[in-house]
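Enquirer:
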């Protein structure tokens, strides 16, 4: 898969699936599988046995990965596609709707 244009810490909006129109911050990015974990999106329940870190066990609610193609970067309150361009001798991400450099 090609390079993902979404990074950890970005604010994104879900554009497809059961959590459509939800917004959140990216917690983790899996470059190899093309998936991202977004805060409060695609919540699953996991049944955990008691262990040292969780002595009681029980049901845990946590975020599951969502495909990167189903999220869109939010820039100035609106969703936008992200592009990559050269700024001198450095690659930078920019918002395609406004042309502003993201980082």
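Numbering (the working numbering), first residue to last: 156 to 258.
The beta carbon of each residue, even a glycine, is placed where N, CA and C say it ideally should be.
So with Cβ pairs under 9 Å, would you call residue 182 a contact of chain C?
Expert: The chain inventory of the structure shown lacks chain C, comprising one protein chain alone.
Enquirer: What number of angstroms, rounded off, separates the C-alpha of residue 137 from the C-alpha of residue 172?
Expert: Residue 137 lies beyond the residue range present for the chain, which begins at 156 and ends at 258; the question has no answer from this structure.
Enquirer: Name the DSSP bridge partner or partners of residue 248?
Expert: In the chain shown, residue 248 corresponds to position 93, counting from 1. DSSP lists 239 as partners of residue 248.
Enquirer: By a C-beta neighbour count over all protein chains shown, 10 Å radius and 16 as the cutoff for buried, is residue 222 buried or exposed?
Expert: Taking the first residue of the chain shown as position 1, residue 222 is located at position 67. Residue 222 should be labelled exposed.
Enquirer: Can you check DSSP and say which residues form a bridge with residue 222?
Expert: As a first step, residue 222 must be located in the chain shown, where it is residue number 67. The partner list for residue 222 (beta bridge, DSSP) reads 190.
Enquirer: Does DSSP put residue 170 in a helix, a strand or coil?
Expert: Working through the chain shown from its first residue, we reach residue 170 at position 15. Coil at residue 170, not helix or strand.
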